[in-house]
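Visitor: Below: one structure in structure tokens.
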Amino acid sequence: MLMAENGGERILNLMDLLQHLGLAHNFEREIEHALDLIYQRNDGYDDLSSVSLRFRLLRQEGYNVSSDNFKKFTLKEGKFNPCLIEDVRGMLCLYEASHLGTPREDILNEALDFTSKHLKGVMEDLEPNLAREIRSALELPLHRRVNRLMVKDNIMAYERCKDNNKVLLELAKLDFNMVQLLYQREINDILRWWRELGLTKQLTFARDRPLECYFWTVGIFSEPSFSKCRMELTKTIALLSVIDDIYDIYGSLEELEIFTNAVQRWDLSAMEELPEYMKICYLALYNTINQMAIEILNDYGRNVVMHLKKRWSDLCHAYLVEAQWVRRGYVPTLDEYLRTSAITGGTYMALFHSLCLMGDKVTRESNETIDQNPNIVWCSAVILRLWDDLGTSKDEKERGDVSSSIEYYMRNNGKCTDDQARENIRSCISDTWKELNCHYFQSSPFSKSFSKAALNLSRMAQVIYQHGDNPSFPAIDDHIKSFMDPIPLLNQQVILRLWDDLGTSKVDSHSCESKKLGFKAPNKSNLRSTFQTLVYCPKLSGDYETSSNSTLLSPSSEPLSQKGY
8 MLMAENGGER
18 ILNLMDLLQH
28 LGLAHNFERE
38 IEHALDLIYQ
48 RNDGYDDLSS
58 VSLRFRLLRQ
68 EGYNVSSDNF
78 KKFTLKEGKF
88 NPCLIEDVRG
98 MLCLYEASHL
108 GTPREDILNE
118 ALDFTSKHLK
128 GVMEDLEPNL
138 AREIRSALEL
148 PLHRRVNRLM
158 VKDNIMAYER
168 CKDNNKVLLE
178 LAKLDFNMVQ
188 LLYQREINDI
198 LRWWRELGLT
208 KQLTFARDRP
218 LECYFWTVGI
228 FSEPSFSKCR
238 MELTKTIALL
248 SVIDDIYDIY
258 GSLEELEIFT
268 NAVQRWDLSA
278 MEELPEYMKI
288 CYLALYNTIN
298 QMAIEILNDY
308 GRNVVMHLKK
318 RWSDLCHAYL
328 VEAQWVRRGY
338 VPTLDEYLRT
348 SAITGGTYMA
358 LFHSLCLMGD
368 KVTRESNETI
378 DQNPNIVWCS
388 AVILRLWDDL
398 GTSKDEKERG
408 DVSSSIEYYM
418 RNNGKCTDDQ
428 ARENIRSCIS
438 DTWKELNCHY
448 FQSSPFSKSF
458 SKAALNLSRM
468 AQVIYQHGDN
478 PSFPAIDDHI
488 KSFMDPIPLL
498 NQQVILRLWD
508 DLGTSKVDSH
518 SCESKKLGFK
528 APNKSNLRST
538 FQTLVYCPKL
548 SGDYETSSNS
558 TLLSPSSEPL
568 SQKGY
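If you want it as structure tokens, here you go:
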């Protein structure tokens with residue numbers, strides 16, 4: 008039985024490892040099936056590690072599993088049993104699980120306080136690898152990380168494990184290089200489009216950061232199947248950044264009002280009233296978005312041009328409001344600022360374009376819902392805006408843009424210092440994450456892919472802006488460089504077999520990362536067989552038993568095929 012003999016726990020460890028190694032996208036159906044079974048049965052999970060891992064993996068996939076499962080580890084007064092402190096691995100798992108809490112789950116708040124305090128106190132006495140893992144988790148928990156950006160480091164760490172699974176390791180390396188190659192092709196296409204567009208050559212004041220714009224989309228949609236979505240969304244973000252600079256630092260108030268009206272009209276004749284530099288930008292926007300709408304019409308049979316036009320009109324109107332505040336010296340309340348800046352941050356723009364580009368039906372219900380600022384989008388927008396302010400407020404102040412939540416909080420709170428304001432903003436971000444978790448678990452007219460995109464956008468906000476708030480975190484350029492260096496592949500026999508399983512068209516013996524002719528969809532039949540092999544672990548190459556933190560797995564008496572796999 009799949010769930011017998013601690014099978015559920017073994018499957019949980021396997022799924023966790025597949026996610027860490029960036030392989031989960033190859034086993035989506037198998038993982039979904041296994042999670043359904045694990046959700047339906049809650050017996051056999053007694054230790055802190057397995058209960059916490061089950062909770063985290065189910066919740067991150069949208070299962071509204073109860074936090075009451077942790078009551079077995081608490082005393083009568085609701086405090087966690089001090090004896091748990093001895094189980095460092097279990098404490099770490101509980102710490103990670105606590106970040107998937109919602110606003111009214113006091114037991115998870117207690118879990119976060121309990122584990123944070125005691126994990127900090129034991130790091131000096133632990134072996135280096137575990138101490139490093141705990142330090143990394145305390146800096147940024149898994150639920151708020153962008154997994155794709157961690158895959159390379161995770162693979163390297165897994166390779167250092169003495170009891171790693173050799174086939175799984177080579178599969179992870181191969182998949183990383185294949186996906187990386189796809190990213191590099193997309194980057195080349197984006198750079199070519201941006202160069203041909205020529206905006207920043209003529210608008211020298213505007214930001215010239217196409218790679219950073221593309222980097223956003225990789226965090227939101229990392230899977231190979233979303234290639235076209237990444238490409239088109241990058242164009243949207245790149246245009247948004249140029250228009251943002253026009254409103255923030257270059258255009259006069261009169262010019263901005265004319266430009267806002269022109270976007271509202273969405274007609275080439277509106278260009279006649281614009282100054283020359285705005286004509287260039289308006290034409291690029293008009294042509295790019297209309298062409299995107301044509302491609303969506305061709306791909307999915309839906310005409311979304313007026314919907315997209317409305318998003319840009321709303322965005323420019325919100326930009327204008329902020330420009331009026333600054334130029335007229337108006338100081339909004341923090342709530343008033345967030346209602347407008349949540350739009351200017353670009354979240355609504357990016358997620359609505361994503362809704363169209365992912366192939367999700369833009370039904371009347373979904374369109375009306377997104378018009379009404381749905382909670383999942385609102386929370387993502389607030390998190391992005393607040394992280395943006397934490398990471399860029401000092402630079403933008405030097406550029407003449409003083410509109411930020413930090414500035415407005417200080418002005419509305421008397422003698423509040425910059426450090427106090429920042430601490431308050433970070434607390435607001437944590438509270439908003441709990442709200443975001445809550446709405447992620449609820450039903451909505453949006454697909455699960457769209458809801459995950461909203462979470463990923465919030466995660467990317469911290470990746471992009473945390474270096475400005477805390478220089479100890481990696482800068483954007485450090486992440487972008489990771490796209491360029493492949494992982495060496497060593498076991499050529501395993502590589503050839505796995506390459507065939509993944510459905511790639513050709514292997515070049517001189518270069519496993521740069522001379523492939525095509526990127527085909529994985530051979531799901533072969534991958535399903537690979538999944539069964541990983542679960543039941545026949546010893547094909549090396550010792551497949553691993554430590555408790557990345558368990559890969561003891562053989563079981565019954566194959567998955569007997570349970571519908």
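Residues in the sequence shown are numbered consecutively from 8, following the numbering used here. Even for Gly, the Cβ is constructed at its ideal location relative to N, Cα and C.
Looking at C-alpha atoms only, which residue of ALA428, ARG155 and PHE266 is the closest neighbour of LEU25?
Guide: The option with the nearest alpha carbon to LEU25 is ARG155.
Visitor: Check for me: the alpha helix (DSSP H) holding MET238 runs from which residue to which?
Guide: 234-252 is the extent of the alpha helix (DSSP H) around MET238.
Visitor: Smallest Cα separation from VAL58: which of ASP43, GLU39 and LYS79?
Guide: Ranking the options by Cα distance to VAL58, first place goes to LYS79.
Visitor: Rounded to whole angstroms, what's the CA-CA distance from LEU42 to ASP170? Just pull it up for me.
Guide: Roughly 26 Å separates the two Cα atoms.
Visitor: When you compare the region 292-302 with the region 310-326, are there three or more beta-carbon pairs, one atom per stretch, that lie closer than 8 Å?
Guide: Contact holds: three or more Cβ-Cβ distances are below 8 Å.
Visitor: Candidates GLU84, ASN463, GLU39 and HIS324: which alpha carbon is nearest TYR254's?
Guide: Minimum Cα distance to TYR254 is reached at HIS324.
Visitor: Taking the straight line between their C-alpha atoms, what separation do you get for ASP306 and ARG237?
Guide: Between ASP306 and ARG237, the C-alpha separation is close to 15 Å.
Visitor: Which residues bound the alpha helix (DSSP H) around PHE62?
Guide: It spans 55-67 - the alpha helix (DSSP H) in which PHE62 sits, taken as one unbroken run.
Visitor: At the level of alpha carbons, what is the spacing between LEU133 and CYS100?
Guide: If I take the Cα positions, the gap works out to 16 Å.
Visitor: Cβ of GLU239 within 8 Å of Cβ of LEU364?
Guide: Contact flag set, yes.
Visitor: Would you report the Cα separation of ALA647 and ALA468, rounded to the nearest angstrom?
Guide: Because the chain in this structure spans residues 8 to 572, residue 647 falls outside the shown range and cannot be described.
Visitor: Which of the three DSSP states, helix, strand or coil, is assigned to ILE183?
Guide: Note that residue 183 is Phe in the sequence shown, not Ile. Reduced to three states, the DSSP call for PHE183 is helix.
Visitor: Taking Cβ to Cβ, would you say TRP440 is nearer than 8 Å to ILE390?
Guide: A contact, by the Cβ cut-off of 8 Å.
Visitor: What are the boundary residues of the alpha helix (DSSP H) that includes LYS124?
Guide: Here the alpha helix (DSSP H) through LYS124 covers 113-129.
Visitor: Looking only at its chain, what residues have a beta carbon closer than 7 Å to the beta carbon of ALA388, apart from the 5 residues adjacent to it on each side?
Guide: ALA349, GLY352, THR354 and TYR355, listed in sequence order.
Visitor: Please report how far the alpha carbon of GLU261 lies from the alpha carbon of THR243, in whole angstroms.
Guide: Using only the alpha carbons, I get a separation of about 25 Å.
Visitor: Do three or more CB pairs link the region 339-346 to the region 220-227 at distances below 8 Å?
Guide: Short answer: they don't touch.
Visitor: Is it buried or exposed, LYS180, if we count other Cβ atoms within 10 angstroms and call 16 or more buried?
Guide: It is buried - the Cβ of LYS180 has at least 16 other Cβ atoms within 10 Å.
Visitor: Just the C-alpha distance for GLY571 and ARG36, rounded to the nearest angstrom, thanks.
Guide: For GLY571, the predicted structure reports a pLDDT of 30, less than 50, and the residue's modelled location is therefore unreliable. The matter cannot be settled from this model.
Visitor: Keeping to the same chain, check which residues put their C-beta closer than 6 Å to that of SER56; ignore five residues upstream and five downstream.
Guide: The residues are ARG96, GLY97 and CYS100.
Visitor: Can you give me the C-alpha to C-alpha distance between ALA277 and ALA269, rounded to a whole angstrom?
Guide: Whole-angstrom Cα-Cα distance: 5 Å.
Visitor: Could you pull out every residue in the same chain whose Cβ sits closer than 6 Å to the Cβ of LEU65, ignoring the five residues on either side in sequence?
Guide: Cβ neighbours of LEU65 beyond the five flanking positions: TYR46 and VAL72.
Visitor: Which residue wins for smallest C-alpha separation from GLU140, given the options ASP252, ASN161 and TRP394?
Guide: When only C-alpha atoms are compared, the closest one is ASN161.
Visitor: Go ahead and label MET163 buried or exposed: buried means 16 or more other beta carbons lie within 10 angstroms of its beta carbon, across all protein chains shown.
Guide: Exposed, by the Cβ-count rule.
Visitor: Does PHE266 come out as helix, strand or coil in the three-state DSSP assignment?
Guide: In this structure, PHE266 counts as helix in the three-state DSSP scheme.
Visitor: Using the C-alpha atoms, what's the distance from LYS208 back to ARG199?
Guide: Distance between the alpha carbons of ARG199 and LYS208: 14 Å.
Visitor: Less than 8 Å between the CB atoms is what I'm expecting for LEU574 and ASN88, so what's the real figure, rounded?
Guide: Nothing can be reported for residue 574: it is not among the residues displayed for the chain, which extend from 8 to 572.
Visitor: For PHE233 and LEU464, what's the separation of their Cα atoms in angstroms?
Guide: When rounded, the distance between both Cα atoms is 15 Å.
Visitor: Looking at the structure shown, is THR354 part of a helix, part of a strand, or coil, going by DSSP?
Guide: Here THR354 sits in helix by DSSP.
Visitor: Just verifying my parser: in three-state terms, what is the DSSP assignment at THR81?
Guide: Reduced to three states, the DSSP call for THR81 is strand.
Visitor: Tell me, please, which residues DSSP counts as bridged to PHE87.
Guide: The partner list for PHE87 (beta bridge, DSSP) reads THR81.
Visitor: So, helix, strand or coil for PRO562, using DSSP?
Guide: Residue confidence for PRO562 is low, a pLDDT of 31 falling below 50, so the modelled location carries little weight and cannot support an answer.
Visitor: According to the Cβ coordinates, are ILE383 and SER456 closer than 8 Å?
Guide: For ILE383 and SER456, no; Cβs fall outside 8 Å.
Visitor: Rounded to whole angstroms, what's the CA-CA distance from MET22 to ALA118? Just pull it up for me.
Guide: Near 24 Å, if we compare the C-alpha coordinates of ALA118 and MET22.
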